[in-house]
Each structure stands twice: as C-alpha cells, then as structure tokens.
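Chains as they are written, first to last, in my numbering: chain D, 36 to 259; chain W, 36 to 259. All C-beta atoms, glycine included, are put in the ideal place defined by N, C-alpha and C.
Number of protein chains: 2
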Amino acid sequence: QLLEEIVASFHRKVLAGKRVLVTAGPTFEPIDPVRGITNLSSGKMGYAIARAAREAGAEVTLVSGPTALTTPYGVHRINVQTAQQMHDVVISHIRDEDVFIAVAAVADWKVVNASEQKLKKNTEGDAPQLQFEQNPDILAEVAALPHKPFCVGFAAESENLLQYGEEKRRKKGIPLLVGNIGHQTFGKDDNELVLFDERGHRRLPLASKQNLARQLIAEIAERL
Amino acid sequence: QLLEEIVASFHRKVLAGKRVLVTAGPTFEPIDPVRGITNLSSGKMGYAIARAAREAGAEVTLVSGPTALTTPYGVHRINVQTAQQMHDVVISHIRDEDVFIAVAAVADWKVVNASEQKLKKNTEGDAPQLQFEQNPDILAEVAALPHKPFCVGFAAESENLLQYGEEKRRKKGIPLLVGNIGHQTFGKDDNELVLFDERGHRRLPLASKQNLARQLIAEIAERL
C-alpha cells in the first residue's frame, strides 16, 4: 500500500477531480448452483487501468467479475457475478461518472433455463439442454445515455481486428475503442493494443499491461 | 517455504514412503477460444489435502484444473484445463500410486461442437446451440483397475447428502467417500465433512479446510 501510494505520487494528476468507472474480469453465467459459463479473462488489464486512473488522480470505481486479483490501493471495488448484475451496478453508478472504461469480458448470453438444483448425470447419458438469451449490451446502453460519460470500449477478436475494431467503435457509438492483438492476451502480464478513434488507428507496442494502462489513461485524459 | 517445511516436520509421517495422487479445482470445457463451462470450485480443499499428504511424508502429485492457488511446498503439480486432460494425466500416472484422492470438481459434460473461432453475437439475436457429451468418469475408471490404489472420492450435493453419499460410494466402487455439507463450501476457507465407508458415516465438524485435510489424511493412513 505504501509503495503504491509512493508510486502514485510520481504520476501526473491528469485525471484529478474526475470520476472513472472501470469494469473488469469475466462474468459467470450460472447453469445450476455450481456450474456456469465464463471466459478466460483474468481481469489484469482492467485492474491495471483502474490503478493507472487512480494514480492519475481520479476517483475510481471498479466493477469486477470473479477474479483472484487484489484491489488496487484507493480503488472502490464492487464485485458482481453475472452480466446482468454488472449492468445493474454500472447503470446505477454511471450518472456521476466522467469516464466509463468497459474492459470486462461480459458474457453475450445468459442461460434462461438455469437449474436451482445441481444437474445430475443419469445413466442414459442425457445431456442438459441449455437455452440462451442475449445479455444487455452495457457499453452501448451507456453510450446512448443523454448525459453520457466519455466511453471507452475493448475488443478481443480472434481475427480481422483492424477491420472489426473500427466497425465495433461506430456500432457502439463510442469515441475510443481499444483492441487487443489477439485473445492470447487473456491471463498474460504483457499485451499489445490498437487504439481506434475518429482519426484512425494507432498501435501501442508490446509492453506490460500496467505500462499500457498508463498510456491509455494519458490518451483518455487528452480527449476529455 | 521454510515455514511450511518446519510445520511439516512436526507432523507424524503416517504416509512415509507412500505415493499419493490428488486432483483439485474445477475443469474448464471450451465453447470457443475464450468461452467455456466451469464451476465454482476454488481448489482449496484439494490443495489442502495435497499439502497434508506431503506433511505426512507422502510423495504427492497434484493434478490441478485452473485455480489461482500456490502449489504447496514439495508437491509436484501438473496443470490441466479439461476433464479429458485430467483423465489422461491421472490414467498415465496412476500405476505407481498408493492412494488416489479425487477432489476436483470435474465437468460431467464437454461441448462436442466447440468453435475454433470466437462466437459472435448477431443482430438476429441467434444463440449458440451447444451439444454435450459425457466426460469420462475418472474415479470410477481408476476404481475399476485391477491393481488399483486406495481410492477416495468427494461428493458436493445440494440436497440429501446422507442418502446420496452412500449410494455414490457404492456406485463408484470405492472404500471411502467424503461429502461436503452443501456446495456452499466452494471458495470458502472452512468446511464440514461427512465420511462414508462400509461401516457407515461419520461427521467431521466445521473446521478450516487445512485442519479437515489433516484429519482426512489420518483416516486414510489408518485404512492402508
């Protein structure tokens, strides 16, 4: 904590007086009381961004899916499990925020016929029949608010990132989209990013997620 | 490490010269390159048992699904993701083992039509159609081997544990089954157990998972 505080004191307070809401980690969509659908997001990039925003002087709220990470010093963390819960927490807090950075790998679908009892294997080998329904699109919903914060989205695509990144930015209606070069980044400590904005795209070369998070916070601060 | 070594030196070496294989954690069954089905197992109970077995003098191999836990000192850990991978590692090692303790919460089903590309949401709201197939039953397969180790199973049931525990023990063909009182134990540091054997059942009252693990290792050592 003391070390984090000292590190923070050396950073320029480019977000002083600003409120930043960050989502991070995967979501977990229950199938029954113990099973569920999730993804390989570790939460590292989102936590690094929350920490960098706080170092830059912002008041930071971190809405986090299940991760094994420690909350960055001085950051207010709210834990959620499902995409719907993440949506509800974000929507109830977003009114007062200046910046919204949607880093979480939110499940696109939820299981509508989740079981209240643990599903059992039976001798016939019958498999569960899961029915899915789309989850709310948190980022698109925030970006469509009349008094919206500055919105930043993330994309993790397994192919055609350059083409898909700009499409996604326009479709979501956001000024800045951050693309991960490949989904191989999940769980890693290093990453490579591409920033998409109305002027085009720009690469942030391979670096630690914490270093990239600081660069991203500087880019956001310039745009406010 | 030094502390763990000192702690271990105070324990009776009831498993000296024995080889113990422990499975722990959840498994992760891919749906596509980033998504998958998992469960809420933290791996804590399995890791505590691996540590207790090693304290008791055993040579311990820990076959672990994805967890955020640190490998106990002196334990040989092999990481796996899917139930099939856990099966293959266990079967290739089991020949030399004296005790097999199946603590992992292994997925009963795998997704047979997993996608090689990340599934995309489309505007029609089409949901993925997942087809499932039963995974191999690792414990039952080991318990059916001609030269089998002493086999210990775990059950985490949301209801009727006392009835279901004994049924499961007989069906799997194992001498000792350990029941968790409720699946609420997932992720917790404390637990309550019920041991089922041919003589009946016996409760191990609420205690830390590490304490319960040591009691369980003592129970196993008495039966070898």
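Enclosing alpha helix (DSSP H) for residue i [first to last residue]
{"i": "V125/W", "result": "A118 to H128"}
{"i": "A88/D", "result": "K79 to E90"}
{"i": "E201/W", "result": "L196 to K207"}
Closest Cα partner of residue i within the set the options
{"i": "F63/D", "options": "T62/W, L97/W, P65/W and T73/W", "result": "T73/W"}
{"i": "D224/D", "options": "K206/D, L247/D, R237/D and T117/D", "result": "L247/D"}
{"i": "A51/D", "options": "G92/D, P181/D and Q116/D", "result": "G92/D"}
{"i": "P181/W", "options": "N148/W, E168/W and D131/W", "result": "D131/W"}
{"i": "K207/W", "options": "M80/W, G71/W and L174/W", "result": "L174/W"}
{"i": "V69/D", "options": "E151/D, R249/D, K145/D and P240/D", "result": "E151/D"}
{"i": "V147/W", "options": "F135/W, H128/W, E168/W and D133/W", "result": "E168/W"}
{"i": "A43/D", "options": "Q166/D, A87/D, P210/D and G81/D", "result": "A87/D"}
{"i": "P6/W", "options": "L196/W, D172/W, A149/W and I209/W", "result": "Outside the modelled stretch of chain W, which goes from 36 to 259, sits residue 6/W, for which no answer is possible."}
{"i": "A242/D", "options": "M80/D, M121/D and L259/D", "result": "M80/D"}
{"i": "V125/D", "options": "S99/D, Q166/D and W144/D", "result": "S99/D"}
{"i": "K145/D", "options": "E254/D, R234/D, G71/D and Y82/D", "result": "G71/D"}
{"i": "I209/D", "options": "Q120/D, L165/D, R112/D and E233/D", "result": "E233/D"}
{"i": "L165/W", "options": "D67/W, R54/W and K53/W", "result": "D67/W"}
Where the beta strand (DSSP E) through residue i begins and ends
{"i": "K145/W", "result": "W144 to V146"}
{"i": "S243/W", "result": "G235 to S243"}
{"i": "A191/D", "result": "F185 to A191"}
{"i": "L165/W", "result": "Segment: none, L165/W is in no beta strand (DSSP E) and carries neither H nor E."}
{"i": "I173/D", "result": "No beta strand (DSSP E) holds I173/D; the alpha helix (DSSP H) holding it covers I173 to A178."}
{"i": "N74/D", "result": "R70 to N74"}
Same chain, Cβ closer than 6 Å to residue i, neighbours up to 5 away in sequence not counted
{"i": "V110/W", "result": "A85, R89, V95 and L97"}
{"i": "G78/W", "result": "A59, G60, T102 and L104"}
{"i": "N215/D", "result": "A191"}
{"i": "P163/W", "result": "L154"}
{"i": "A118/D", "result": "T62, V141, A142 and N170"}
{"i": "H236/D", "result": "V229"}
{"i": "L251/W", "result": "none"}
{"i": "L239/D", "result": "L228, L247 and Q250"}
{"i": "F135/D", "result": "L56, V177, P184 and C186"}
{"i": "H122/D", "result": "P171 and I173"}
{"i": "D133/D", "result": "K53, R54 and P184"}
{"i": "Q116/D", "result": "F63"}
{"i": "I129/W", "result": "V177"}
Sequence-distant residues of the same chain with beta carbon closer than 7 Å to residue i, five excluded per side
{"i": "L212/D", "result": "G188, A190, G200, K203, R204 and F231"}
{"i": "E40/D", "result": "Y108"}
{"i": "K48/D", "result": "A91 and G92"}
{"i": "A256/D", "result": "V49, L50 and A91"}
{"i": "A83/W", "result": "K244, Q245 and A248"}
{"i": "A253/D", "result": "V49"}
{"i": "R112/W", "result": "L97, S99 and T106"}
{"i": "N114/W", "result": "S99"}
{"i": "Q120/W", "result": "none"}
{"i": "K156/W", "result": "none"}
Burial state of residue i (16 or more Cβ within 10 Å)
{"i": "Q245/D", "result": "buried"}
{"i": "V138/W", "result": "buried"}
{"i": "D161/W", "result": "exposed"}
{"i": "P107/D", "result": "buried"}
{"i": "L56/D", "result": "buried"}
{"i": "F45/D", "result": "exposed"}
{"i": "P184/D", "result": "buried"}
{"i": "G222/W", "result": "exposed"}
{"i": "A179/D", "result": "exposed"}
{"i": "S127/W", "result": "exposed"}
{"i": "L75/W", "result": "buried"}
{"i": "L37/W", "result": "exposed"}
{"i": "L259/D", "result": "exposed"}
{"i": "L196/D", "result": "buried"}
Per DSSP, cross-strand counterpart(s) of residue i
{"i": "V55/D", "result": "V95/D and V134/D"}
{"i": "L261/W", "result": "This structure cannot speak to residue 261/W, because chain W is shown only from 36 to 259."}
{"i": "R47/D", "result": "R47/D pairs with nothing; no bridge assigned."}
{"i": "H111/W", "result": "T96/W"}
{"i": "N226/D", "result": "A242/D"}
{"i": "P61/D", "result": "A140/D"}
Check: residue i C-beta below 8 Å from any heavy atom of the ligand PLP
{"i": "N170/D", "result": "Of ligands this structure carries none, so the ligand PLP is not represented either."}
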